[in-house]
Amino acid sequence: MAQHVAPPSVTTPAVPAKLPLKDIAPWAVFFGVLMLVLLYFVGAEQGATSVVSGEDVHEWVHDARHLLGFPCH
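Below is the structure:
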């Protein structure tokens with residue numbers, strides 16, 4: 197029984213495609229603003245800085261506040 201061995205092939209290393217900054221910037225700004233809004237609602241939406249009246253937002257994010265270490269009681 198003969199074994200066939202493939203000869204080693206020479207390959208060039210793969211070069212990742214470059215993404216221009218102008219393509220990434222709008223998405224980075226969008227997600228940055230989204231994260232700041234979420235951080236505000238989880239961390240500061242109560243009391244004097246409240247944008248939404250009542251306790252509804254506080255109740256929706258109550259467990260997340262404790263998980264992230266924000267005091268709320």
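Heads up, the sequence shown stops at 269 in our numbering, and the numbers go up one at a time, no gaps.
Idealized CB from N, CA, C, for every residue including glycine.
All values derive from a computational prediction rather than experimental measurement.
For Pro-222, the enclosing alpha helix (DSSP H) starts and ends at 217-239. With 16 or more other Cβ atoms inside 10 Å of its own Cβ, Val-238 counts as buried. Taking a C-beta distance under 7 Å as the contact criterion, Gln-242 and His-258 do not qualify as a contact pair.
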